[in-house]
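Residue numbers (my numbering): 4 to 704.
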C-alpha cells in the first residue's frame with residue numbers, strides 16, 4: 004500500500020480523486036492501492052523549555068541561556084491533532100512507500116518531516132512537488148515523483164530556522180522580560196518581529212524629530228509649459244524676489260529641445276509580497292487578508308502556489324502559456340491579440356531558470372470559474388492582467404527635455420508622452436496617470452516670447468509614516484539598513500522574514516500592542532518605542548541579523564553551508580545577548596495588557612485599570628503632517644500659523660466637546676449624534692459635528 008500525506012483535507016481529497024482512492028475512511032481516503040491522509044498545519048512543534056529540564060520551568064535570569072544539547076519535537080496538545088496523528092501513525096506502520104504531498108516549500112517540508120519522524124516512518128519516502136492543484140499538475144507531479152532525499156537540505160534549512168527562532172525567541176524574551184518587564188507582562192523578542200518593529204520606530208522618530216525648513220522655487224509658464232529655474236531652491240525669499248525682478252520683463256527663449264524615445268517593460272509578475280503591496284494600495288487589504296484570498300484562489304485551482312518570493316517563470320512554463328491564456332474566458336478581448344499575433348513573446352524579464360527558488364511567480368492556472376467572492380475576483384483580476392500584460396509589446400514613450408533662457412538665467416521643462424500604449428491597454432486608462440500628465444506643447448529651438456514667472460514657497464517634508472504596503476516593501480528589502488553589498492542583494496530576495504510570514508509578523512506586533520493602526524498608517528506605541536530603545540544589541544533589532552541568517556539558511560538549503568557551523572554561531576550569539584542583558588542597568592517597560600478573548604464582558608470590566616487610557620496621537624486631517632493638540636481656546640494643528648490653519652473650537656454652539664469626541668471627529672470626520680447644543684435663541688438641540696470639504700467644523704441637526 005502506498006500512503007500519501009497532504010497538508011490539509013481539501014488537498015488530500017483532490018489527490019485521492021485523481022488516484023482513484025474514492026472510499027472515505029476515518030481520517031483518510033482509500034482505494035486503488037493508495038491511502039491518502041492529511042495534516043492540518045503544524046501537528047508537531049519543538050518541545051517547551053520545561054520539557055527538557057525542570058530548572059527551565061521557572062523564569063529565572065540565572066539559568067539563562069537555555070540551550071538544549073539536542074532538540075526534540077512533540078505532538079501539539081490538542082484532541083483533534085492527537086486523533087489525526089493516530090491515523091497517520093497507523094497508516095505509516097502499514098505502508099510500503101510514503102509519498103510526501105505536503106506544501107511544496109521549506110515550511111511544508113518541515114511540517115511533514117516532523118510528523119513522519121514522530122510517526123517513526125522507516126519505509127522509503129517519495130516527494131510530490133507541484134506548483135498548482137489542477138488535475139494536470141497533480142498527474143504530472145505523480146509521474147515525476149522525486150526521492151525525499153533530494154529535499155534533505157531544504158528540511159535542514161527549515162529545521163535550523165525553527166531551532167534558531169526557538170533559541171533566540173525563548174532566551175531573549177525571557178531575558179528582557181525578567182530584566183525590564185513589570186512582572187505581569189511578557190516582552191516578546193523575535194528574530195523577525197523585533198527588526199520589523201525597529202523599522203517602524205526609527206521611521207516614527209525621524210518624523211517626530213524632523214524640523215521643516217522653508218525654501219523658495221521659481222517657476223515660469225511659457226505657452227502652457229511649466230519651466231523651473233535650474234538654480235533649484237532658494238534659501239531666502241529676497242534672493243528669489245531679486246531673480247523675479249531680473250527676469251519678469253525679459254522674454255523666454257528656447258535654447259534646445261531634446262526628444263528621446265524609450266521603451267517601458269510590462270510590470271513584473273507577482274510574488275506574494277508584491278501582490279500584498281498592490282492589494283493594500285489599491286483595495287486597502289491587509290497583508291494577512293491578501294494571503295488568505297490568494298490561498299483560497301490556489302485551493303480553487305485558479306492560481307498557482309502563492310507563498311513565493313520570485314517574479315519569474317521557468318523556461319519550461321513557456322509551452323503552457325497558450326493553454327493558460329485560452330482558459331481565461333472573461334479576458335478573451337485581451338488575450339486574442341496575443342494568441343492570434345504569431346509567436347508569443349518570450350522575455351528574459353519573465354522566463355529565467357536562475358531566478359526560480361522553490362516555485363515560480365503567481366499566475367493563473369488556466370482553469371476558470373465564476374465561483375469567487377468579490378474580493379477574490381479583485382485579486383484574481385490583478386493576477387490575470389499581470390500575466391496577460393507580460394506577453395504584450397513594450398510601451399513606447401517619448402521623454403522630452405526643453406531648455407530655455409531668460410536673460411542669463413537658465414530654465415528647464417520635462418515631460419513624457421505615451422506614443423504606443425502597448426501593454427497599458429490591459430490595465431485601461433488608469434495604469435499610470437503620472438505618465439499622462441505634463442505633456443508639453445511642441446517647442447522649436449530659437450522661439451521666444453513673454454512668460455509668467457512666480458515664486459513658490461515650500462517646506463521640506465518629513466518621511467511618511469509606514470503604510471502596510473510600505474512596511475511589506477521595507478521588510479522585503481531592508482536595503483538601506485545594510486552596509487554589506489552581498490547581504491543587501493540577498494535581502495532584496497528575502498529581507499525580514501519570508502513572504503508567507505510577513506503578514507503574520509505585522510499582526511503579531513499589533514496583537515502585542517507594539518504598534519497600532521491609524522487609518523492606513525502604522526504607528527509604534529509607547530511600549531514599542533521603549534522596547535526598541537531598551538534593546539542595545541543591534542543584532543537583535545537590525546535587518547543585518549536577518550540578512551546573515553537568510554544568507555546562511557539559503558546556503559544550507561543549497562548544500563553549501565554546514566548546519567553545525569550555523570548552530571554554533573547562533574549559540575554564541577544567544578550567549579552574548581543574555582550576558583549583555585544580565586549586566587545591563589535595570590529599568591521597567593510598561594506594557595498595555597492584552598484582553599483575553601475568552602473572558603466575559605464582566606470579567607473584562609473587572610480587569611480594567613483605574614488609570615485613564617493614554618490619549619492617541621492624532622494626525623491633522625487637513626495637512627497630514629502636523630498633530631492635533633489642545634490649546635486654550637481650541638484643538639489645533641501643531642503647524643498652525645506655519646503651513647496649516649486647521650482648528651476645532653473647544654466649545655461649539657455652547658457645547659464643550661470631550662477628548663473622545665474630538666478624536667472621533669478627526670479620525671472619522673464626524674461624531675455620532677450629540678445632545679446639549681444651543682442655537683442663537685437659546686434652544687437646545689441634538690446634532691452631529693462634521694468636517695466639511697474644506698475641513699471646517701459644522702453642526703448638522
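Here a beta-carbon is modelled for each residue, glycine too, at the ideal position from N, C-alpha and C.
Inset, instruction - For my contact list, residue 390 and residue 424 are in at a C-beta cut-off of 8 Å; report their separation, rounded to the angstrom. - result: What you label residue 390 is simply residue 387 of the chain shown in a count that begins at 1. What you label residue 424 is simply residue 421 of the chain shown in a count that begins at 1. Going by Cβ atoms, the distance from residue 390 to residue 424 rounds to 18 Å, so no, they are not a contact pair.
Legend entry - CB-CB length for residue 525 against residue 518, believed under 8 Å: Here residue 525 refers to the residue found at position 522 when the chain shown is read from its first residue. Here residue 518 refers to the residue found at position 515 when the chain shown is read from its first residue. Contact between residue 525 and residue 518 holds: CB atoms are separated by about 6 Å, below the 8 Å threshold.
Inset, instruction - Please determine, among 310, 226 and 643, the residue with the shortest C-alpha to C-alpha distance to residue 507. - result: For this step, residue 507 is matched to residue 504 along the chain shown. Among 310, 226 and 643, the Cα nearest to that of residue 507 is on 310.
Legend entry - N-terminal and C-terminal residue of the beta strand (DSSP E) that residue 101 is part of: Counting from one through the chain shown, the residue named residue 101 turns up at place 98. Taken as a continuous stretch (DSSP letters only), the beta strand (DSSP E) holding residue 101 covers 100-104.
Inset, instruction - Determine the extent of the alpha helix (DSSP H) in which residue 757 is found, giving its start and end residues. - result: This structure leaves residue 757 out entirely; the chain is present only between 4 and 704.
Inset, instruction - Work out the CA separation of residue 579 and residue 28 for me, nearest whole Å. - result: Locating residue 28 in the chain shown gives position 25, where the first residue counts as 1. Locating residue 579 in the chain shown gives position 576, where the first residue counts as 1. C-alpha of residue 28 to C-alpha of residue 579: approximately 53 Å in a straight line.
Inset, instruction - Kindly indicate which residue of 186, 523, 512 and 664 has the alpha-carbon position closest to the one of residue 204. - result: Numbered from its first residue, the chain shown carries residue 204 at position 201. The option with the nearest alpha carbon to residue 204 is 512.
Legend entry - residue 241 versus residue 417: straight-line alpha-carbon distance, rounded: Within the chain shown, the letter at position 238 stands for residue 241. Within the chain shown, the letter at position 414 stands for residue 417. If you take the alpha carbons of residue 241 and residue 417, they lie about 27 Å apart.
Inset, instruction - For residue 395, collect the residues of the same chain with a Cβ closer than 8 Å to its Cβ; drop the 5 residues on either side in sequence, then sort them by chain order. - result: Position 392 of the chain shown, counted from the start, is the residue given in the question as residue 395. If we look at residue 395 and ignore the five residues flanking it on each side, its Cβ neighbours are 269, 340, 341, 348, 425, 426, 428 and 429.
Legend entry - Cα-Cα separation, residue 87 to residue 183: As a working mapping, residue 87 is identified with position 84 in the chain shown. As a working mapping, residue 183 is identified with position 180 in the chain shown. When only Cα atoms are considered, residue 87 and residue 183 end up about 42 Å apart.
Inset, instruction - Please report the residue range of the alpha helix (DSSP H) in which residue 514 lies. - result: On the chain shown, residue 514 is found 511 positions in, with the first residue counted as 1. Counting along the chain, the alpha helix (DSSP H) containing residue 514 begins and ends at 505-514.
Legend entry - DSSP-derived helix/strand/coil call for residue 107: Here residue 107 refers to the residue found at position 104 when the chain shown is read from its first residue. Residue 107 sits in coil when the DSSP states are folded into three classes, being neither helix nor strand.
Legend entry - For residue 198 and residue 545, believed in contact at Cβ under 8 Å, the rounded distance: For this step, residue 545 is matched to residue 542 along the chain shown. For this step, residue 198 is matched to residue 195 along the chain shown. That belief holds up - the Cβ atoms of residue 545 and residue 198 are roughly 6 Å apart, short of 8 Å.
Legend entry - Nearest-angstrom beta carbon gap, residue 383 and residue 300 [assumed within contact, 8 Å]: Start at 1 with the first residue of the chain shown, and residue 300 comes out as number 297. Start at 1 with the first residue of the chain shown, and residue 383 comes out as number 380. Indeed they touch by this definition, with Cβ atoms about 6 Å apart.
Inset, instruction - Would you please state the rounded distance, in angstroms, between the beta carbons of residue 363 and residue 320? I believe it to be under 8 Å. - result: Counted from its first residue, the chain shown places residue 363 at position 360. Counted from its first residue, the chain shown places residue 320 at position 317. That pair is a contact at about 6 Å.
Inset, instruction - For residue 679, count neighbouring C-beta atoms within 10 Å of its own C-beta (all shown protein chains included) and say buried if the count is 16 or more, exposed if not. - result: The residue labelled residue 679 in the question sits at position 676 within the chain shown. With fewer than 16 Cβ atoms within 10 Å of its Cβ, residue 679 is classed as exposed.
Inset, instruction - For residue 403, name the three-state secondary structure that DSSP assigns. - result: Along the chain shown, read from residue 1 onward, the residue named residue 403 stands at position 400. DSSP places residue 403 within a strand segment (E or B) once states are collapsed to three.
Legend entry - Opposing strand residues paired with residue 38 [DSSP bridges]: Against the chain shown, residue 38 aligns to sequence position 35. Answer is 6 and 33, bridged to residue 38.
Legend entry - Three-state class that DSSP yields for residue 613 in the structure shown: Here residue 613 is taken as the residue at index 610 of the chain shown, counted from 1. Annotation note: pLDDT 38 at residue 613 (below 50); position unreliable, coordinate value reported separately. Three-state result, residue 613: coil.
Legend entry - Between the CA atoms of residue 392 and residue 431 - distance to the nearest angstrom: The residue given as residue 431 occupies position 428 in the chain shown. The residue given as residue 392 occupies position 389 in the chain shown. When rounded, the distance between both Cα atoms is 11 Å.
Inset, instruction - Compare the beta carbon distance of residue 534 and residue 542 with 9 Å and say whether it is the shorter of the two. - result: Counting from 1 along the chain shown, the entry for residue 534 is found at position 531. Counting from 1 along the chain shown, the entry for residue 542 is found at position 539. When the beta-carbon positions are compared, residue 534 and residue 542 stay at least 9 Å from each other.
Inset, instruction - Please determine if the stretch 159-167 and the stretch 136-144 are in contact, where contact requires at least 3 C-beta pairs separated by less than 8 Å. - result: Result no; under three Cβ-Cβ pairs closer than 8 Å.
Legend entry - Contact under 9 Å by Cβ, residue 194 with residue 312: The sequence position of residue 194 within the chain shown is 191, counting from 1. The sequence position of residue 312 within the chain shown is 309, counting from 1. Taking a C-beta distance under 9 Å as the contact criterion, residue 194 and residue 312 do not qualify as a contact pair.
Legend entry - Buried or exposed by the 16-neighbour rule on C-beta atoms within 10 Å, applied to residue 187: Translated into the one-based positions of the chain shown, residue 187 becomes position 184. It counts as exposed.
Legend entry - Other residues of its chain near residue 98: CB distance less than 6 Å, five sequence neighbours each side excluded: Residue mapping note: residue 98 aligns to position 95 of the chain shown, counting from 1. Result list for residue 98: 4, 6 and 126, in chain order.
Legend entry - Backbone CA spacing between residue 201 and residue 406 [nearest angstrom]: Here the question's residue 201 lines up with position 198 in the chain shown. Here the question's residue 406 lines up with position 403 in the chain shown. In this structure, the alpha-carbon of residue 201 lies about 45 Å from that of residue 406.
Legend entry - Those runs of the beta strand (DSSP E) which lie wholly inside the stretch 199-278 and span at least 3 residues: The qualifying runs are 217-225, 228-232 and 255-267.
Inset, instruction - Can you check DSSP and say which residues form a bridge with residue 527? - result: As a first step, residue 527 is located in the chain shown; it is residue number 524 there, counting from the start. Answer by DSSP bridge pairing, in chain order: 518.
Legend entry - Simplified DSSP assignment, three categories, for residue 455: In the chain shown, counting from the first residue as 1, residue 455 sits at position 452. Looking at residue 455 - three-state DSSP - the assignment turns out to be strand.
Legend entry - Assigned secondary structure, residue 480 (DSSP; H/G/I helix, E/B strand, else coil): Within the chain shown, the letter at position 477 stands for residue 480. In the displayed model, residue 480 falls within a helix according to three-state DSSP.
Inset, instruction - Within the same chain, show all residues whose beta-carbon is closer than 7 Å to that of residue 161, passing over the 5 residues directly before and after it, in chain order. - result: Here the question's residue 161 lines up with position 158 in the chain shown. Same-chain partners within the cutoff: 109, 110, 112 and 113.
Legend entry - Cβ neighbours of residue 66 in the same chain (closer than 6 Å, five flanking residues each side left out): The sequence position of residue 66 within the chain shown is 63, counting from 1. Cβ neighbours of residue 66 beyond the five flanking positions: 58.
Legend entry - Inter-residue Cα distance where the pair is residue 621 and residue 692: Residue 621 sits at position 618 when you count from the first residue of the chain shown. Residue 692 sits at position 689 when you count from the first residue of the chain shown. Cα-Cα distance, rounded: 17 Å.
Inset, instruction - Quick one: using the 10 Å Cβ neighbour count with 16 as the cut-off for buried, is residue 304 buried or exposed? - result: Numbered from its first residue, the chain shown carries residue 304 at position 301. Note on residue 304: 16 or more other CB atoms within 10 angstroms of its CB, so buried under the neighbour-count rule.
Legend entry - Close beta carbons around residue 255, own chain, < 8 Å, minus the five adjacent residues each side: The residue given as residue 255 occupies position 252 in the chain shown. Exclusion of the five residues before and after residue 255 leaves 223, 225, 230, 407, 408, 409, 414, 451, 452, 453 and 454 as the residues of its chain whose Cβ lies within less than 8 Å of its Cβ.
Inset, instruction - With distances taken Cα to Cα, identify the nearest neighbour of residue 260 among 459, 401 and 467. - result: If you number the chain shown from 1, residue 260 lands on position 257. Among 459, 401 and 467, the Cα nearest to that of residue 260 belongs to 401.
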